[in-house]
Amino acid sequence: MAFVADSTLGLSPEEAEGQGIHVVPQQVIWQGKPFRDLVEITPEEVLALLAKGERLSTSQVAPEDLRATYQELLKTHERVLSVHVSGHLSGTVTTARAVAQGFGQRVRVLDSWSLNGGLLLVLKEARRLLHTGTAWEGLEEAVAPYRERVRGYVLPRTLTYLHRSGRISGLQSLVGSFLRILPVLEVKGGRVLPGPRVRGFAEGLRKVAELFRRDFPGGALVHLAHAGNPEAASALGELLRAEGVEVLATLQAGAAVSVHTGPGTVALFAGPRR
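Numbering (this note's numbering), first residue to last: 651 to 924.
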């Protein structure tokens, strides 16, 4: 069995390979030209371009990259499970399912309803279910209860990039910047939803920890992520560890998060323990 995910996963191709996951690249659009994430443009380059004021956008995985990956893996594996960023956030799942039809039942595509650390949690749960005997044909139904419980909490450093990507109006951005008001965005059910507003980034980190405690009073599996802000990710980790929460890993936020929420963003993704 081979496992595939797109580059919103938050791991480098080498890190993913070490966990038995093959990464296909999302695309970063700069000056009208697509660049394959992690292949033709690095996370550091994305952050540097954003910091210079360059306008970037993102696009789904190219069908030819998916097709080539499936073809190569099926030379040495009987089946491929391909798990991707929420279909509400990207067209990758739809494209992957269309490509998978050419391989019959040997390739199955799963919508994670999340991204980054949430995607990683859903992929690992799917792998666990298969290892413990869940039928290939019933995998999506089996993973659905877990997928529904996975949550993400995203704290941008500034409103600038949410405004650029059309997520908030210019007036909201102006007022928010003046008052230092930031939103905590919640990822659930495959969608990014506006959560509570906070005054300042430090308060935002505390609010993220509070929202996590609200949703997972008994603890959870946790991944952190950041867009060029390891200090803030570390501070959030300390807030969690002070309450006995284990952080499994700190991931790159990746181009999809960085472009739409901006450099400095910090996120927490959590799912039930098994």
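For every residue, glycine included, the Cβ atom is placed at its ideal position computed from N, Cα and C.
Nonlocal neighbours in the same chain, by C-beta distance under 6 Å from residue i, ignoring five residues either side
| i | result |
| --- | --- |
| V909 | L706, T708 |
| D619 | A question about residue 619 goes unanswered here, because the residues of the chain that appear run from 651 up to 924. |
For residue i, the first and last residue of its enclosing alpha helix (DSSP H)
| i | result |
| --- | --- |
| Q751 | Careful: Q751 lies outside any alpha helix (DSSP H) and carries neither H nor E. |
| S740 | Careful: S740 lies outside any alpha helix (DSSP H) and carries neither H nor E. |
| T810 | 810-814 |
| E836 | Note, E836: premise wrong, no alpha helix (DSSP H); beta strand (DSSP E) at 831-838. |
| L779 | 766-781 |
Best match in the options for proximity to residue i [C-alpha to C-alpha]
| i | options | result |
| --- | --- | --- |
| V804 | A882, W786, G737, L871 | A882 |
| R841 | P867, R799, L855 | R799 |
| W763 | S736, V772, G741, R778 | S736 |
| G682 | E704, A785, A666 | E704 |
| R863 | R924, R729, A920, K702 | A920 |
| L765 | G754, A748, A750, S740 | S740 |
| G768 | T742, E893, T658 | T658 |
| A750 | R777, V837, D715, R778 | D715 |
| K838 | V673, L724, L918 | L918 |
| Q902 | E896, G914, G868 | G914 |
| L724 | G868, V757, E790 | V757 |
| V895 | A906, A905, V907, P867 | P867 |
| V907 | L855, E722, E836 | E836 |
| V743 | G854, D656, P880, G850 | D656 |
| N879 | R856, R849, A748, E694 | E694 |
Cα-Cα separation between residue i and residue j, rounded to whole angstroms
| i | j | result |
| --- | --- | --- |
| L731 | L760 | 7 Å |
| L821 | L809 | A caution first: L821 carries a pLDDT of 48, below 50, which makes its placement in the model unreliable, though a value can still be read off. Whole-angstrom Cα-Cα distance: 11 Å. |
| T900 | V916 | 10 Å |
| L890 | R847 | 20 Å |
| A885 | E728 | 44 Å |
| L843 | Y720 | 33 Å |
| I671 | I831 | 38 Å |
| V858 | H738 | 23 Å |
| R797 | G887 | 23 Å |
| R923 | T726 | 32 Å |
| V689 | A652 | 21 Å |
| Q755 | V834 | 40 Å |
| L861 | E893 | 14 Å |
| V696 | L871 | 29 Å |
| G788 | A852 | 44 Å |
| W786 | A666 | 23 Å |
| T692 | K702 | 16 Å |
| L770 | L779 | 14 Å |
| R777 | R717 | 22 Å |
| L855 | G668 | 31 Å |
| R747 | G869 | 34 Å |
| G752 | R814 | 38 Å |
Range covered by the beta strand (DSSP E) that runs through residue i
| i | result |
| --- | --- |
| L760 | 757-761 |
| H734 | 730-734 |
| H727 | Note, H727: premise wrong, no beta strand (DSSP E); not H, not E. |
| P713 | Looking at the DSSP string, P713 is not in any beta strand (DSSP E); the run it does join, the alpha helix (DSSP H), is 713-723. |
| R801 | 801-805 |
| E690 | First-last for E690: undefined, no H or E at that position. |
| V674 | 671-674 |
| T900 | 897-902 |
Neighbourhood of residue i by C-beta distance below 7 Å, restricted to the same chain and skipping five residues each side
| i | result |
| --- | --- |
| T782 | none |
| T784 | A792 |
| E790 | L760 |
| T745 | Q710, V711, P713, L716 |
| P675 | S657, R686, D687, L688, V689, V711, D715 |
| E722 | none |
Cβ-heavy atom distance, residue i to the ligand ZN, below 7 Å
| i | result |
| --- | --- |
| H727 | Because no ligand of any kind appears in the structure shown, any question about the ligand ZN cannot be addressed here. |
Cβ neighbours of residue i in the same chain (closer than 8 Å, five flanking residues each side left out)
| i | result |
| --- | --- |
| L699 | W680, L706 |
| G912 | L700, P806, R807, T808, T810, Y811, L812, A877 |
| Q677 | P684, F685, R686, D687, T708, S709, Q710, V711, A712 |
| E775 | V793, Y796, R797, G921, R924 |
| V772 | V733, L760, S762, W763, S764, V793, Y796, R797, V800, G921 |
| G850 | R830, L832 |
Assumed close pair residue i, residue j - CB separation to whole angstroms, cut-off 8 Å
| i | j | result |
| --- | --- | --- |
| H873 | L898 | 6 Å |
| P663 | V654 | Between V654 and P663 the Cβ distance is about 12 Å, and since that is not below 8 Å, they are no contact. |
| G845 | G660 | Not really, about 20 Å apart at Cβ, beyond 8 Å. |
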